[in-house]
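Peer 1: Residue numbers (UniProt numbering): 1 to 859. There's a structure below that I have some questions on.
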Amino acid sequence: MSDIELAGVPRATARLQMHAGFTFAQAAALVPYHAALGISHLYLSPITCARPGSTHGYDVTDCTRINPELGGEEGFYTLCRTARGAGLGIVLDIVPNHMAASVTHNGWWRDVLAKGQDSRYAHHFDIDWESRDPVLAGKVLVPILGERYWETLTSGALSIERDADDRAVLRYGDQTLPLAETPATSPDSAEAWHALLERQHYRLAWWRTAAAELNWRRFFEISELVGLRQEREDVFEDTHALVFRLYREGWIDGVRVDHVDGLADPAGYCRQLRARLDALRPGRPGEQARMHPWVVIEKILGEDEPLPADWQTDGTTGYDFMNDVAAVLHDARGETALDALWHEVGGDMRDYPAHVKAGRDRILDRHLMTEFGGACARLYSRVRATPALRDITLAALRHALHALLLQIPVYRTYYVADEGRTSRGTDDALLDAAAERARATLAGDERVALDLIVTSLRDDAPIGTPAGDLRTRLQQIMPALAAKGGEDTAFYRYGRLLSRNEVGSDPGVLAIAPEHFHARLLARPRHAMLATATHDHKRGEDARMRLAVLSELAEAWSDAVRDWEARLAPVVTASPKGPDGVDRMMLYQTLLGAWPADPRVLEREDAQRDLIARVLAWQTKSIREAKRHGSWTDPDPQYEAACEAFVAALAAGGADSVLERIGQFAHRIGPAAALNSLSQTLLQLTAPGVPDRYQGNEAWDFSLVDPDNRRAPDYERLRAQCECTAGWAHWLRHWRDGRIKQQLIRAVLQFRREQETLFTAGTCQPLVATGAMSSSVLAFTRQCGALEAITVVTRHAARHVEPDLPRVPTQCWGDTALRARDGGAWVDVLTGRAIAVHAGHLRIKDVLHQLPVALLVRG
């Protein structure tokens, strides 16, 4: 690897969620803290203009300007200068797939609604201007009405006003829409209003029509976000102009690309982005001209799905690592007992794949109707235009496509014409297997239709041709279906162990073996991001590690749940409306995972109220995402009210309440949970790749799904704790305050700063333990030249951990050891202790004498 490539690789990133409540100025004030922690780059959520008040920035309204709510361009430059002064760089999260479909705040979108196909931006957005619905031909559906169209026209909700430029506009609530043609006077009847609206370049519609009639691509099923056509050169340049300028001028060092699978051609986009950044690099200021532009992409990889090397990215944003590191710290031996408990209380005997199938069925039938219908219409057009295919019916195509989409095991396929480079090998095997499974469910004429669909997916015609556009439409259904059917539906229906219901994970796979974990470490691109928490995670990294303990203590967990169920039986019987067993099982786990490490925190009434409020917000989201008892668009108020009352019933009984018993169980498994967390942390910090710390979770992170996981951290407390010099014995003894995790991060990142080449260019090889407790040790070595480091962590130790310390007593390790070369003592980077080699072995009782993890170095 060249010096340029190594020079541009971040050592470690810190993700910051930028919004009006956390601005560039506040980020700049935290630069000294992040520098002291050992971070090399601040990794910012989207900074371009977004909907006013946006807490995440993905609802972009103007990708050419930096959001003034964050501090604007000067505020951003000040942050960059402050970061540079402390030796830190900047990485930006960019959003190429979509923008906010906001007529009020998105000037491009407003221009399209005002001018239709004559707008300069008419083809920036992924709009089907040739809709087969005559009512929509040449128009854009705008589904913003709170009630049905005719009721809106008769209710007086519409009016004509003059805007600041004295132009006539259509007023609806707090929104104004442009008018291509205005009457001499305001319409005085519903019929007159309708006639006026028919002359516009858009069609107003009831919001409920979006799922079935929308004629533009959206982000998943979110009808407030409109897709962009990055396959067009003008769109690519317009949407990336700011990013390229900031990179060329030296303000940023790399990008994280959001939702690359939504694009027409992810591979082509990534290569184009790489080429543009590489071309700009030599013109950057000073030493920055030598720095490799770091590009990582948000990409969910399926089991054993490789990230194509010819995409020319540095890797993914780390969901794959987040899955692997969690899975290797779960215990497969708990699977039988966990299954039995889930079936007993949840009452659902289906496995996870069955839930995914049911979830995808629901999403295709109710939520992605317009996308599915549009793809079928394109297929049918091909049939009608080809005499040899005339006997294939639309019904057969619909059944065949539905059956095939249920069987695609990854986010999408990637056939596309691009200088002869395609992912044919991967796609061919995947499509063959999926088609074979689908074929078994279809009738004879539907199998013929299936053959046509598979052929269409394998067609490498260029985008912009009928065949290329058909393939693209088929492919773009896949990621929305995978995400909404899996992580946003099945994850909330299948609750065997919620620590495995995480983005990038398969909840049906409880655990992986160390050899599998090591193989994935070696296969992953060496400069990919390594995540253990993100702004999209379902629960915080330490909540997952606490729940992972249940896989080790499955019988004790089962006994506890049965006790809670018995105590709550009168409440359940008295309220047949809810919650059912599935939701109760998920609630118990959520409370257990969210419980603070230090139970004394909940002695404050405000802390108790905060915990319950967070759990209630999670519960509402869980119920609606599951879509078993209502949904976001059609909630079931009675069921939700019953579930809320159940949470209140958990606290009834004071000191002997079920809620208190859940807290006691959390306290009981706390040391084992903290041990898991420390192991996860050290693995992330020393594995091949770039570790990313998510805003403030250097302390314990028991957050729930968004928006809970996007709450502002207590940085004042974190800064104070980072400066603590009490030492490892003190931090271990007081582990509940989180300082031990923070100090582990600080110590390892400091070592990475001192030995950067070891981690950016060093090799990685697994080490296998021997002895009585060998299965409780996970280790690997990093080596570069004469310098060598060994990562050693504890796993599956819940039955051995000390009563109130996250550590296994020394005597428990017995003869457990790691093979190591003779030739001098090793030194633990964390404690400074020298560890001798005995007859070619490092004894674990020596290595883990003080802490449950160790980073040994020799060279």
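Cβ atoms here follow ideal geometry from the backbone N, Cα and C, with glycine treated the same way. As the structure is a prediction and not an experimental result, all values here were calculated from the model.
Let's test the definition: count the other Cβ atoms within 10 Å of the Cβ of residue 327 and tell me whether it reaches 16, buried, or not, exposed.
Peer 2: Position 327 of the sequence shown holds residue 327. Buried is the call here.
Peer 1: Where residue 329 and residue 694 are concerned, what is the direct C-alpha to C-alpha distance, given to the nearest angstrom?
Peer 2: Along the sequence shown, read from residue 1 onward, the residue named residue 329 stands at position 329. Along the sequence shown, read from residue 1 onward, the residue named residue 694 stands at position 694. The alpha-carbon atoms of residue 329 and residue 694 are separated by roughly 20 angstroms.
Peer 1: How far does the beta strand (DSSP E) with residue 93 in it reach, from first residue to last?
Peer 2: Against the sequence shown, residue 93 aligns to sequence position 93. It spans 89-94 - the beta strand (DSSP E) in which residue 93 sits, taken as one unbroken run.
Peer 1: Given that a residue counts as buried once 16 or more other Cβ atoms are within 10 Å of its Cβ, and exposed if not, what is residue 288?
Peer 2: As a first step, residue 288 must be located in the sequence shown, where it is residue number 288. Classification of residue 288: buried, given that the 10 Å Cβ count is 16 or more.
Peer 1: DSSP state of residue 257, grouped into three classes?
Peer 2: For this step, residue 257 is matched to residue 257 along the sequence shown. Here residue 257 sits in strand by DSSP.
Peer 1: Looking at C-alpha atoms only, which residue of 164, 202, 201, 153 is the closest neighbour of residue 187?
Peer 2: In the sequence shown, the residue the question calls residue 187 occupies position 187. When each option's Cα is compared against that of residue 187, the closest is 153.
Peer 1: Would you call the region 228-236 and the region 261-278 touching, i.e. three or more CB-CB distances under 8 angstroms?
Peer 2: With a cut-off of 8 angstroms, the region 261-278 and the region 228-236 count as touching, because enough Cβ pairs lie within range.
Peer 1: Buried or exposed: where does residue 315 fall if 16 or more other Cβ atoms within 10 Å of its Cβ makes it buried?
Peer 2: Translated into the one-based positions of the sequence shown, residue 315 becomes position 315. It counts as buried.
Peer 1: Give the DSSP-derived three-state secondary structure of residue 755 in the structure shown.
Peer 2: Position 755 of the sequence shown, counting from 1, holds the residue named residue 755. Correct three-state label for residue 755: coil.
Peer 1: How is the beta strand (DSSP E) around residue 227 delimited, first residue to last?
Peer 2: Taking the first residue of the sequence shown as position 1, residue 227 is located at position 227. Unbroken beta strand (DSSP E) run through residue 227: 222-227.
Peer 1: Do residue 69 and residue 52 come within 9 angstroms of each other at the CB atom, strictly closer than that value?
Peer 2: Walking along the sequence shown from the start, residue 52 turns up at place 52. Walking along the sequence shown from the start, residue 69 turns up at place 69. It is a contact, given that the beta carbons lie within the stated cut-off.
Peer 1: Pull up the distance between the alpha-carbon of residue 566 and that of residue 584, whole angstroms please.
Peer 2: Taking the first residue of the sequence shown as position 1, residue 566 is located at position 566. Taking the first residue of the sequence shown as position 1, residue 584 is located at position 584. Answer to the nearest angstrom: the Cα atoms are 13 angstroms apart.
Peer 1: Say whether the region 123-139 touches the region 155-162, bearing in mind that this needs 3 or more beta-carbon pairs closer than 8 angstroms, one atom from each stretch.
Peer 2: At 8 angstroms Cβ cutoff, the stretches do not touch.
Peer 1: Return the residue from the list 767, 251, 604, 178 that minimises the CA-CA distance to residue 80.
Peer 2: Start at 1 with the first residue of the sequence shown, and residue 80 comes out as number 80. Of the candidates 767, 251, 604, 178, the one whose C-alpha sits nearest the C-alpha of residue 80 is 251.
Peer 1: Counting pairs of Cβ atoms below 8 angstroms between the region 398-407 and the region 424-440, do you hit three or more?
Peer 2: Yes: at least three Cβ pairs fall under 8 angstroms.
Peer 1: Determine, using beta-carbon pairs with one atom in the region 366-375 and one in the region 469-482, whether at least three such pairs fall under 8 angstroms.
Peer 2: Because the criterion of three Cβ pairs below 8 angstroms is met, the region 366-375 and the region 469-482 touch.
Peer 1: Give me the DSSP bridge partner(s) of residue 43.
Peer 2: Along the sequence shown, read from residue 1 onward, the residue named residue 43 stands at position 43. Beta-bridge pairing links residue 43 to 15, 91.
Peer 1: From what residue to what residue does the beta strand (DSSP E) around residue 65 run?
Peer 2: Residue mapping note: residue 65 aligns to position 65 of the sequence shown, counting from 1. Element bounds for residue 65: 60-66.
Peer 1: Beta-carbon separation of residue 815 and residue 840 under 9 angstroms?
Peer 2: Position 815 of the sequence shown, counted from the start, is the residue given in the question as residue 815. Position 840 of the sequence shown, counted from the start, is the residue given in the question as residue 840. In this structure, residue 840 does not lie closer than 9 angstroms to residue 815 by Cβ.
Peer 1: State the CB to CB distance for the pair residue 38 and residue 750, rounded to an integer number of angstroms; the pair is presumed to be in contact (CB under 8 angstroms).
Peer 2: Locating residue 38 in the sequence shown gives position 38, where the first residue counts as 1. Locating residue 750 in the sequence shown gives position 750, where the first residue counts as 1. About 5 angstroms separates the two Cβ atoms, so the contact holds.
Peer 1: By a C-beta neighbour count over all protein chains shown, 10 Å radius and 16 as the cutoff for buried, is residue 381 buried or exposed?
Peer 2: Within the sequence shown, the letter at position 381 stands for residue 381. Burial call: exposed.
Peer 1: Apart from the five residues on each side of it in sequence, which residues of its chain come closer than 7 angstroms, Cβ to Cβ, to residue 719?
Peer 2: Locating residue 719 in the sequence shown gives position 719, where the first residue counts as 1. Result list for residue 719: 33, in chain order.
Peer 1: Applying the 10 Å Cβ sphere with the 16-neighbour rule, what's the burial state of residue 455?
Peer 2: Counted from its first residue, the sequence shown places residue 455 at position 455. Residue 455 should be labelled exposed.
Peer 1: Given a cut-off of 9 angstroms, decide if residue 7 and residue 292 are closer than it, judged by their beta-carbon atoms.
Peer 2: In the sequence shown, residue 292 corresponds to position 292, counting from 1. In the sequence shown, residue 7 corresponds to position 7, counting from 1. In this structure, residue 7 lies closer than 9 angstroms to residue 292 by Cβ.
Peer 1: Among the candidates 646, 577, 688, whose CA atom is the shortest distance from the CA of residue 519?
Peer 2: Position 519 of the sequence shown holds residue 519. Comparing Cα positions, the closest option is 688.
Peer 1: Mapping DSSP to helix, strand and coil, what is residue 784?
Peer 2: Walking along the sequence shown from the start, residue 784 turns up at place 784. Strand.
Peer 1: Can you tell me which of the three DSSP states residue 854 falls into?
Peer 2: As a working mapping, residue 854 is identified with position 854 in the sequence shown. Strand at residue 854.
Peer 1: Alpha carbons only, please: which of 115, 633, 844 is nearest the one belonging to residue 770?
Peer 2: Residue 770 sits at position 770 when you count from the first residue of the sequence shown. When each option's Cα is compared against that of residue 770, the closest is 844.
Peer 1: Less than 9 angstroms separating the beta-carbons of residue 681 and residue 758?
Peer 2: Locating residue 681 in the sequence shown gives position 681, counting from the first residue. Locating residue 758 in the sequence shown gives position 758, counting from the first residue. Contact: no.
Peer 1: Among 554, 453, 793, 582, which has the Cα closest to the Cα of residue 774?
Peer 2: Here the question's residue 774 lines up with position 774 in the sequence shown. Per the Cα distances, 793.
Peer 1: Do residue 13 and residue 536 have their C-beta atoms closer together than 9 angstroms?
Peer 2: Against the sequence shown, residue 13 aligns to sequence position 13. Against the sequence shown, residue 536 aligns to sequence position 536. Their beta carbons are not under 9 angstroms apart, which means residue 13 does not touch residue 536 by this criterion.
Peer 1: Taking the straight line between their C-alpha atoms, what separation do you get for residue 642 and residue 576?
Peer 2: Walking along the sequence shown from the start, residue 642 turns up at place 642. Walking along the sequence shown from the start, residue 576 turns up at place 576. So the two alpha carbons sit approximately 9 angstroms from each other.
Peer 1: With DSSP run on the structure shown, which of helix, strand or coil describes residue 843?
Peer 2: Numbered from 1 along the sequence shown, position 843 holds the residue referred to as residue 843. Note: residue 843 maps to strand in three-state DSSP.
Peer 1: Does the contact criterion of 3 or more C-beta pairs under 8 angstroms hold for the region 587-603 versus the region 664-674?
Peer 2: Yes: at least three Cβ pairs fall under 8 angstroms.
Peer 1: Could you say if the region 511-526 and the region 774-785 meet the contact criterion of at least three C-beta pairs nearer than 8 angstroms?
Peer 2: Yes, the region 511-526 touches the region 774-785.
Peer 1: Roughly how far, in whole angstroms, is the beta-carbon of residue 41 from the beta-carbon of residue 89, given that I think they are within contact range, below 8 angstroms?
Peer 2: Your numbering for residue 41 matches position 41 in the sequence shown. Your numbering for residue 89 matches position 89 in the sequence shown. Yes, residue 41 and residue 89 are in contact; Cβ-Cβ is about 4 angstroms, under 8 angstroms.
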